[in-house]
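Colleague: Would you mind keeping the following structure in view while I ask a few things?
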Amino acid sequence: MRYEIMPVGVYGANCSILWEDPDCAWVVDPGARGAAILGRMSKLSIRPGLVVLTHAHFDHISAVNDILSEFPVPVYLHAADEGIAFSPLNAMPPYTATSRPATLVTDKADGETLAAGGLEARILHTPGHTPGGWCLLFEKDNLLVAGDTLFAGSVGRTDFPGGDSRQLSASLKRIKELPGETQVICGHGPMTTIGREIRDNPYL
510 MRYEIMPVGV YGANCSILWE DPDCAWVVDP GARGAAILGR MSKLSIRPGL VVLTHAHFDH
570 ISAVNDILSE FPVPVYLHAA DEGIAFSPLN AMPPYTATSR PATLVTDKAD GETLAAGGLE
630 ARILHTPGHT PGGWCLLFEK DNLLVAGDTL FAGSVGRTDF PGGDSRQLSA SLKRIKELPG
690 ETQVICGHGP MTTIGREIRD NPYL
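The sequence shown begins at 510 in my numbering and counts up one residue at a time.
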(Lines of atoms letter the chains of each structure in order from A and count residues from 1; the text may use other names and numbers.)
(Lines give C-alpha, C1' and ligand atoms only; values in the text may rest on other atoms or scores of the structure.)
Protein backbone atom coordinates (compact mmCIF):
# COMPACT_ATOMS: atom_id res chain seq x y z
CA MET A 1 0.00 0.00 0.00
CA ARG A 2 1.00 3.57 -0.69
CA TYR A 3 -0.73 6.56 0.83
CA GLU A 4 -0.60 10.33 1.10
CA ILE A 5 -2.30 12.61 3.59
CA MET A 6 -3.47 16.06 2.49
CA PRO A 7 -4.78 18.48 5.14
CA VAL A 8 -7.52 20.46 3.40
CA GLY A 9 -9.79 23.36 4.25
CA VAL A 10 -9.73 25.92 7.02
CA TYR A 11 -10.04 23.17 9.68
CA GLY A 12 -7.19 21.11 8.24
CA ALA A 13 -9.18 17.90 7.83
CA ASN A 14 -6.97 15.08 6.59
CA CYS A 15 -7.89 13.77 3.16
CA SER A 16 -6.19 10.39 2.76
CA ILE A 17 -5.33 8.90 -0.62
CA LEU A 18 -4.46 5.20 -0.52
CA TRP A 19 -3.64 2.87 -3.37
CA GLU A 20 -2.13 -0.30 -4.77
CA ASP A 21 -3.73 -0.15 -8.22
CA PRO A 22 -3.07 3.32 -9.67
CA ASP A 23 -6.42 3.17 -11.46
CA CYS A 24 -8.39 2.49 -8.28
CA ALA A 25 -7.19 4.74 -5.46
CA TRP A 26 -9.23 5.25 -2.31
CA VAL A 27 -10.03 8.88 -1.49
CA VAL A 28 -11.03 9.19 2.16
CA ASP A 29 -12.65 12.40 3.43
CA PRO A 30 -12.30 14.89 0.56
CA GLY A 31 -13.30 17.78 2.78
CA ALA A 32 -12.24 20.74 0.61
CA ARG A 33 -10.01 21.76 -2.30
CA GLY A 34 -11.27 19.10 -4.67
CA ALA A 35 -9.22 20.47 -7.57
CA ALA A 36 -6.06 20.28 -5.46
CA ILE A 37 -6.83 16.68 -4.47
CA LEU A 38 -7.34 15.70 -8.11
CA GLY A 39 -4.26 17.67 -9.14
CA ARG A 40 -2.11 15.83 -6.63
CA MET A 41 -3.51 12.51 -7.80
CA SER A 42 -2.72 13.43 -11.39
CA LYS A 43 0.89 14.16 -10.42
CA LEU A 44 1.05 10.76 -8.74
CA SER A 45 -0.42 9.17 -11.90
CA ILE A 46 -3.33 7.66 -9.99
CA ARG A 47 -7.12 7.86 -10.42
CA PRO A 48 -9.93 7.62 -7.88
CA GLY A 49 -11.73 4.30 -7.73
CA LEU A 50 -13.93 5.05 -4.72
CA VAL A 51 -14.54 7.67 -2.05
CA VAL A 52 -15.06 6.83 1.61
CA LEU A 53 -16.46 9.33 4.11
CA THR A 54 -15.54 8.49 7.70
CA HIS A 55 -18.40 10.61 8.99
CA ALA A 56 -20.89 13.29 8.00
CA HIS A 57 -19.35 16.61 9.00
CA PHE A 58 -18.94 19.26 6.32
CA ASP A 59 -15.19 19.62 6.73
CA HIS A 60 -14.78 15.97 5.68
CA ILE A 61 -17.26 15.76 2.78
CA SER A 62 -17.47 19.14 1.07
CA ALA A 63 -15.34 18.28 -1.98
CA VAL A 64 -16.95 14.92 -2.70
CA ASN A 65 -18.92 16.22 -5.66
CA ASP A 66 -15.80 17.89 -7.08
CA ILE A 67 -14.25 14.43 -7.24
CA LEU A 68 -17.38 12.93 -8.76
CA SER A 69 -17.61 15.60 -11.45
CA GLU A 70 -14.55 14.01 -13.07
CA PHE A 71 -14.72 10.49 -11.68
CA PRO A 72 -18.27 9.25 -10.92
CA VAL A 73 -17.12 6.57 -8.47
CA PRO A 74 -18.99 4.99 -5.55
CA VAL A 75 -19.14 7.02 -2.33
CA TYR A 76 -19.38 5.04 0.90
CA LEU A 77 -20.98 6.48 4.04
CA HIS A 78 -22.57 4.80 7.06
CA ALA A 79 -26.37 4.95 6.78
CA ALA A 80 -26.72 6.56 10.22
CA ASP A 81 -24.88 9.66 8.99
CA GLU A 82 -26.74 10.22 5.73
CA GLY A 83 -29.33 12.55 7.27
CA ILE A 84 -26.64 14.77 8.78
CA ALA A 85 -24.28 14.78 5.81
CA PHE A 86 -26.67 16.19 3.24
CA SER A 87 -28.73 18.46 5.45
CA PRO A 88 -28.80 22.17 4.54
CA LEU A 89 -27.65 22.79 8.12
CA ASN A 90 -24.40 20.86 7.61
CA ALA A 91 -22.38 23.89 6.59
CA MET A 92 -20.42 26.78 8.04
CA PRO A 93 -18.78 29.56 6.00
CA PRO A 94 -16.73 29.20 3.88
CA TYR A 95 -18.26 25.71 3.48
CA THR A 96 -21.63 25.25 1.82
CA ALA A 97 -24.05 22.35 2.15
CA THR A 98 -23.19 19.23 0.13
CA SER A 99 -25.78 17.66 -2.15
CA ARG A 100 -26.36 13.92 -1.94
CA PRO A 101 -24.03 12.17 -4.42
CA ALA A 102 -25.75 10.13 -7.10
CA THR A 103 -23.31 7.27 -6.42
CA LEU A 104 -23.83 7.16 -2.64
CA VAL A 105 -23.65 3.69 -1.04
CA THR A 106 -24.95 3.31 2.52
CA ASP A 107 -25.39 -0.45 2.90
CA LYS A 108 -22.04 -1.28 4.51
CA ALA A 109 -22.20 -2.25 8.17
CA ASP A 110 -19.90 -2.91 11.09
CA GLY A 111 -17.55 -5.81 10.54
CA GLU A 112 -18.04 -5.97 6.80
CA THR A 113 -15.15 -5.73 4.39
CA LEU A 114 -14.64 -3.06 1.75
CA ALA A 115 -12.28 -4.19 -1.01
CA ALA A 116 -11.17 -2.49 -4.21
CA GLY A 117 -8.00 -1.94 -6.19
CA GLY A 118 -5.97 -4.50 -4.27
CA LEU A 119 -6.79 -2.96 -0.87
CA GLU A 120 -9.08 -4.40 1.76
CA ALA A 121 -10.41 -2.74 4.90
CA ARG A 122 -12.63 -3.97 7.70
CA ILE A 123 -15.27 -1.47 8.71
CA LEU A 124 -15.41 -0.58 12.39
CA HIS A 125 -18.54 1.36 13.31
CA THR A 126 -17.34 3.82 15.95
CA PRO A 127 -20.22 6.13 16.88
CA GLY A 128 -19.85 8.96 19.34
CA HIS A 129 -18.54 11.88 17.33
CA THR A 130 -21.43 11.22 14.93
CA PRO A 131 -23.99 8.37 14.91
CA GLY A 132 -22.48 6.81 11.80
CA GLY A 133 -18.80 7.44 12.29
CA TRP A 134 -16.63 4.56 11.20
CA CYS A 135 -12.98 3.64 10.91
CA LEU A 136 -11.23 1.68 8.16
CA LEU A 137 -8.92 -1.05 9.42
CA PHE A 138 -6.42 -2.19 6.80
CA GLU A 139 -5.29 -5.24 8.75
CA LYS A 140 -2.75 -6.46 6.20
CA ASP A 141 -1.09 -3.05 6.25
CA ASN A 142 -1.41 -2.47 10.00
CA LEU A 143 -3.19 0.83 9.40
CA LEU A 144 -6.33 2.41 10.85
CA VAL A 145 -7.99 5.40 9.17
CA ALA A 146 -9.84 6.80 12.18
CA GLY A 147 -11.61 9.93 11.00
CA ASP A 148 -12.53 12.09 13.99
CA THR A 149 -12.95 9.17 16.38
CA LEU A 150 -9.34 9.40 17.53
CA PHE A 151 -6.65 12.09 17.38
CA ALA A 152 -3.07 12.14 18.61
CA GLY A 153 -3.62 12.97 22.27
CA SER A 154 -7.33 13.63 21.97
CA VAL A 155 -10.65 12.48 20.50
CA GLY A 156 -13.53 13.88 18.50
CA ARG A 157 -16.02 16.21 20.13
CA THR A 158 -19.39 14.90 21.25
CA ASP A 159 -21.22 18.19 21.72
CA PHE A 160 -22.37 18.47 18.11
CA PRO A 161 -25.84 17.20 17.10
CA GLY A 162 -25.75 13.42 17.10
CA GLY A 163 -22.72 13.24 19.37
CA ASP A 164 -22.76 10.89 22.34
CA SER A 165 -19.95 10.66 24.90
CA ARG A 166 -20.97 7.21 26.13
CA GLN A 167 -20.95 5.83 22.60
CA LEU A 168 -17.56 7.39 21.96
CA SER A 169 -16.15 5.81 25.13
CA ALA A 170 -17.37 2.40 23.94
CA SER A 171 -15.86 3.01 20.50
CA LEU A 172 -12.51 3.98 22.01
CA LYS A 173 -12.53 0.86 24.18
CA ARG A 174 -12.92 -1.18 21.03
CA ILE A 175 -10.10 0.65 19.24
CA LYS A 176 -7.88 0.17 22.28
CA GLU A 177 -7.98 -3.59 21.64
CA LEU A 178 -6.10 -3.23 18.33
CA PRO A 179 -2.38 -4.09 18.25
CA GLY A 180 -0.25 -1.34 19.74
CA GLU A 181 1.86 -1.04 16.60
CA THR A 182 -1.18 -0.16 14.47
CA GLN A 183 -0.52 3.11 12.64
CA VAL A 184 -3.38 5.61 12.81
CA ILE A 185 -4.31 8.28 10.28
CA CYS A 186 -6.42 10.74 12.27
CA GLY A 187 -9.10 13.05 10.93
CA HIS A 188 -7.01 16.08 11.90
CA GLY A 189 -3.42 16.48 12.92
CA PRO A 190 -0.48 14.07 12.84
CA MET A 191 -0.43 10.30 12.61
CA THR A 192 -0.03 8.24 15.74
CA THR A 193 -0.12 4.62 16.88
CA ILE A 194 -2.54 2.73 19.08
CA GLY A 195 0.25 2.01 21.56
CA ARG A 196 1.20 5.67 21.83
CA GLU A 197 -2.41 6.67 22.47
CA ILE A 198 -2.87 3.98 25.12
CA ARG A 199 0.21 5.38 26.84
CA ASP A 200 -0.38 9.12 26.41
CA ASN A 201 -4.01 9.85 25.53
CA PRO A 202 -6.14 10.48 28.66
CA TYR A 203 -9.27 9.38 26.82
CA LEU A 204 -7.84 5.90 26.29
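Think of the CB as a built atom: it goes at the ideal place given N, C-alpha and C, for glycine as much as any other residue. Owing to the predicted nature of the structure, the values given are computational and were not obtained by experimental measurement.
Closer than 8 Å is the cut-off here; do at least three beta carbon pairs connect the region 643 to 651 with the region 618 to 631?
Modeller: In short, these stretches touch, since the Cβ pair count reaches three.
Colleague: What does DSSP give as the partner residue(s) for MET515 in the beta ladder?
Modeller: Answer is CYS524, bridged to MET515.
Colleague: Could you say if the region 547 to 559 and the region 600 to 607 meet the contact criterion of at least three C-beta pairs nearer than 8 Å?
Modeller: With a cut-off of 8 Å, the region 600 to 607 and the region 547 to 559 do not count as touching, because too few Cβ pairs lie within range.
Colleague: Less than 8 Å between the beta carbons of ILE546 and VAL536, yes or no?
Modeller: Yes, they are a contact pair.
Colleague: What is the DSSP secondary structure of ALA611, counted as helix, strand or coil?
Modeller: Three-state result, ALA611: coil.
Colleague: Could you tell me the boundaries of the alpha helix (DSSP H) in which ARG675 lies?
Modeller: Per DSSP, ARG675 belongs to the alpha helix (DSSP H) from 674 to 684.
Colleague: Please return the same chain residues whose Cβ sits closer than 7 Å to the Cβ of GLU529, not counting the five positions on each side in sequence.
Modeller: Correct list, in chain order: MET510, GLY626, GLY627 and LEU628.
Colleague: Going by DSSP in three states, GLU621 sits in which element: helix, strand or coil?
Modeller: Coil at GLU621, not helix or strand.
Colleague: Taking only three categories from DSSP, how would you classify GLY637?
Modeller: Reduced to three states, the DSSP call for GLY637 is coil.
Colleague: Since GLU629 sits in a beta bridge, which residues does DSSP pair it with?
Modeller: Per DSSP, ALA624.
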